[in-house]
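J.:
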Amino acid sequence: MNMAGTLSERILGSAEGTYVDRMVDRAFAHDGTGAQALVAFENFRIPGKSVVNPEKLSIIYDHISPANNSVTADLQGDLRKFSRENRMHFHEVGCGICHQIMSEGVCLPGEIVVGADSHSCTLGALGAFSTGVGATDMAGIWATGGTWFRVPESIGIVLSGKLSGHAEPKDVALSYVKALGMDGGTYKALEFIGDGAAGMPVEGRLTLSNMAVETGAKTGLFYADPLTREHLITYGADEKRISLQKPEDCSYESEICLDLDNIEPLLAVPHRVDNAEPVTRYSGTSIDQVFVGTCTNGRFEDLKRFADIVKGNKVAVRTIVTPASKDAYAKALSTGVLSDILEAGCVICPPGCGPCLGAHMGVLGEGEVGLSTANRNFRNRMGVGAEYYLCSPSTAAVSALYGEIRSPDEWDGGMTR
318 MNMAGTLSER
328 ILGSAEGTYV
338 DRMVDRAFAH
348 DGTGAQALVA
358 FENFRIPGKS
368 VVNPEKLSII
378 YDHISPANNS
388 VTADLQGDLR
398 KFSRENRMHF
408 HEVGCGICHQ
418 IMSEGVCLPG
428 EIVVGADSHS
438 CTLGALGAFS
448 TGVGATDMAG
458 IWATGGTWFR
468 VPESIGIVLS
478 GKLSGHAEPK
488 DVALSYVKAL
498 GMDGGTYKAL
508 EFIGDGAAGM
518 PVEGRLTLSN
528 MAVETGAKTG
538 LFYADPLTRE
548 HLITYGADEK
558 RISLQKPEDC
568 SYESEICLDL
578 DNIEPLLAVP
588 HRVDNAEPVT
598 RYSGTSIDQV
608 FVGTCTNGRF
618 EDLKRFADIV
628 KGNKVAVRTI
638 VTPASKDAYA
648 KALSTGVLSD
658 ILEAGCVICP
668 PGCGPCLGAH
678 MGVLGEGEVG
688 LSTANRNFRN
698 RMGVGAEYYL
708 CSPSTAAVSA
718 LYGEIRSPDE
728 WDGGMTR
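Positions in the sequence shown are counted from 1; adding 317 to them yields this note's numbering.
1) Can you tell me where the alpha helix (DSSP H) holding residue 486 begins and where it ends?
2) Identify, in the order they occur along the chain, each residue of the same chain with its Cβ nearer than 7 Å to the Cβ of residue 728, setting aside the five sequence neighbours on each side.
3) Nearest to residue 497 by CA position, among 528, 580, 485, 624, is which residue?
4) Going by the CB atoms, is the gap between residue 647 and residue 658 shorter than 9 Å?
5) Can you list, in chain order, the residues of its chain with a C-beta nearer than 6 Å to that of residue 513? Leave out the 5 residues immediately preceding and following it.
6) Strictly by DSSP, which residues pair up with residue 339?
7) Out of curiosity, what's the CA-to-CA distance linking residue 346 and residue 639?
8) In three-state terms, what does DSSP make of residue 330?
9) Classify residue 318 as helix, strand or coil using the three-state DSSP reduction.
10) Confirm, please, whether the CB-CB distance from residue 607 to residue 537 is below 9 Å.
11) Skipping 5 residues on each side, what residues in its chain have a beta carbon closer than 7 Å to that of residue 328?
12) Would you kindly work out how many angstroms separate the C-alpha atoms of residue 473 and residue 390, rounded to a whole number?
13) CB-CB under 6 Å to residue 351, same chain, minus the five flanking residues each way: which ones, in chain order?
14) Quick check on residue 695: buried or exposed, where buried means 16 or more other Cβ atoms within 10 Å of its Cβ?
15) On the CB-based measure, 16 or more other CB atoms within 10 Å of its CB, does residue 493 come out buried or exposed?
16) Would you check if the distance between the CB atom of residue 381 and the CB atom of residue 615 is smaller than 9 Å?
17) Within a Cβ cutoff of 8 Å, which residues of the same chain sit near residue 320, ignoring the five residues on either side of it in sequence?
18) Bridge partners of residue 606, per DSSP?
19) Measure the Cβ-Cβ separation of residue 661 and residue 610 and say whether it is below 9 Å.
20) Express the C-alpha separation of residue 730 and residue 437 in angstroms, rounding to a whole number.
21) Based on Cα-Cα distance, which residue from 542, 587, 491 lies nearest to residue 684?
22) Considering only the alpha carbon of each residue, which of 541, 711, 612 lies closest to residue 691?
23) Using 10 angstroms around the beta-carbon of residue 701, count the other beta-carbons present and answer buried if the total reaches 16, otherwise exposed.
24) Find the nearest neighbour of residue 470 within the set 598, 534, 405, judged by alpha-carbon distance.
25) Out of 592, 459, 566, point me to the one whose CA is closest to residue 500's CA.
26) Between residue 463 and residue 343, how many whole angstroms is the CB-CB distance? I'm expecting something under 8 Å.
27) Looking only at C-alpha atoms, which of 355, 620, 645, 653 sits nearest to residue 401?
28) Quickly, what does DSSP pair residue 576 with across the bridge? List them, please.
29) Suppose only complete runs of 3+ residues qualify. What are the beta strand (DSSP E) ranges in the stretch 383-467, listed by chain order?
30) Can you check DSSP and say which residues form a bridge with residue 553?
31) Leaving aside the five residues before and after residue 603 along the sequence, list all residues of the same chain whose C-beta is less than 6 Å from its C-beta, in chain order.
32) Is it right to say residue 663 is buried, meaning 16 or more other beta carbons lie within 10 angstroms of its own, or is it exposed?
33) Of all the options 723, 481, 524, 432, which has the alpha carbon lying nearest to the alpha carbon of residue 457?
34) Tell me, please, whether the stretch 557-571 touches the stretch 516-528 by the rule of three or more beta-carbon pairs shorter than 8 Å.
35) How is residue 581 classed by DSSP in three states: helix, strand or coil?
36) Give the straight-line distance between the Cα atoms of residue 454 and residue 600, rounded to the nearest whole angstrom.
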């Protein structure tokens, strides 16, 4: 191994395979894992000891938001009180999904970021080492300010070329998940490199990093560049605190090469994320519901791609749209994107996870079939006895208009009803 090291080695300050203790730069939990972490924290903390470095800690209500019953409301009330008493950053119902909020000028390149959610790898798109932990580990971070890591080996995801036609970052994500399989990246770091990675917009990078965990990976990393800096400054980050990164000579455990010029619209077919197939292969499959949103595809750019297709038309099935954050919601509102979506017959939910985890706001019934821009289609996840296909926002839009799975390549831009 060249001593320059992979990005994970450089941020964690040690060679792959070694174990290190590190203080974290930022840590966050949501209403689900935060409530569990609170129980653990109360069980093992020293009496009278408060949380360490509360300015680095965030609680974000997004998973069952707003609360779906009185039990959930009580748990959220306890966590809300705890976070405020300990001066943590608290994000109330309606602010959005934890990963999206942290990407909006909060998380910075080179930082060590830990979230009590498996998709915390999303923030690797900004050049941070960001990974998910369990609730007990998060409680330990609250109590000590740090945690341990095993510095992961890295897999290079080499992207070349440029997306064209109706292919989107989600299709790239499904492509590399298919190539690696759902366990091919277990406890590895994925590094997205090549001219295709450098040319990928930050919103697309967030989608690719988000799905790294679907291969079992610890995180998914892009090198912070001028596009990263521009994105962070847009959200109010201090330019002086944004450090740029360049790939250095290092060795990867393996490499996956993807030519973006050859990417086509894909579906993840139930019930595995790595079961990716061309959308056209399932064209005509009847669906009961379309869901657009989540930390994978609920950003403004995703909503706009969806709106550009459904504008002036009417959806043929119930269609639920959930912005990933209050900022994405506001921008979609001010630009008319939400109006186009609403007039097409869609339901717009408050910013948050929506039905992704199968709690409320769009859970499917037994025997129903859904099409979703989420990141997981596991059996029974978003409805017991239901089936979910995963896709891009454009595929979701065209399919919503037809009431059946259709590729955006089949869309002629005309009225459907």
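All C-beta atoms, glycine included, are put in the ideal place defined by N, C-alpha and C.
Note that the coordinates shown come from a computational prediction; the quantities given were computed from them, not determined experimentally.
T.: Per the coordinate set shown:
1) Per DSSP, residue 486 belongs to the alpha helix (DSSP H) from 486-497.
2) The beta carbon of residue 728 sits closer than 7 Å to those of 626, 715, all from its chain and outside the five residues before and after it, given in chain order.
3) In this structure, 528 is the residue among 528, 580, 485, 624 with its C-alpha nearest to the C-alpha of residue 497.
4) Result no, Cβ atoms of residue 658 and residue 647 do not sit closer than 9 Å.
5) The residues 476, 477, 478, 577, in chain order, have a CB closer than 6 Å to that of residue 513 in the same chain once the five nearest residues on each side in sequence are set aside.
6) DSSP, once it has assigned bridges, lists 464 as partnering residue 339.
7) Going from the Cα of residue 346 to the Cα of residue 639 covers about 20 Å.
8) Residue 330: coil per DSSP, three-state reduction.
9) Its pLDDT being 36, under 50, residue 318 is placed unreliably by the model, and the measurement read from it follows with that caveat. Coil.
10) In this structure, residue 537 keeps its C-beta atom at 9 Å or more from the C-beta atom of residue 607.
11) Excluding residues within five positions, the ones whose Cβ falls inside 7 Å are 427, 429, 446.
12) Distance between the alpha carbons of residue 473 and residue 390: 43 Å.
13) If we look at residue 351 and ignore the five residues flanking it on each side, its Cβ neighbours are 376, 396.
14) The residue in question, residue 695, is exposed, as its Cβ has fewer than 16 Cβ neighbours within 10 Å.
15) Buried, by the Cβ-count rule.
16) Taking 9 Å as the Cβ cut-off, residue 381 and residue 615 do not qualify as a contacting pair.
17) Because residue 320 carries a pLDDT of 47, less than 50, the predicted location of this residue cannot be relied on, and no value is offered for it.
18) Residue 606 pairs with 635, 687.
19) In this structure, residue 610 does not lie closer than 9 Å to residue 661 by Cβ.
20) Annotation: residue 437 to residue 730 spans about 37 Å, alpha carbon to alpha carbon.
21) Of the candidates 542, 587, 491, the one whose C-alpha sits nearest the C-alpha of residue 684 is 587.
22) Distances from the alpha-carbon of residue 691 to those of 541, 711, 612 put 612 closest.
23) In summary, residue 701 is exposed, with fewer than 16 beta-carbon neighbours lying within 10 Å of its beta-carbon over all protein chains present.
24) Taking residue 470 as reference, the option from 598, 534, 405 with the minimal CA-CA separation is 534.
25) For residue 500, the closest C-alpha among the options 592, 459, 566 is that of 592.
26) With 8 Å as the limit, residue 463 and residue 343 do not qualify as a contact, their Cβ atoms being about 12 Å apart.
27) Of all alpha-carbon atoms in 355, 620, 645, 653, the one lying nearest the alpha-carbon of residue 401 is that of 355.
28) For residue 576, which the question treats as bridged, DSSP gives the partners 477.
29) As far as the stretch 383-467 is concerned, its whole beta strand (DSSP E) runs of at least 3 residues are 406-408, 429-432, 446-449, 463-467.
30) DSSP lists no bridge partner for residue 553.
31) Answer for residue 603: 721, listed in chain order.
32) By the neighbour-count rule (16 or more Cβ atoms within 10 Å), residue 663 is buried.
33) For residue 457, the closest C-alpha among the options 723, 481, 524, 432 is that of 432.
34) They do not touch, by the three-pair rule.
35) Three-state result, residue 581: coil.
36) In a straight line, the C-alpha of residue 454 is about 44 Å away from that of residue 600.
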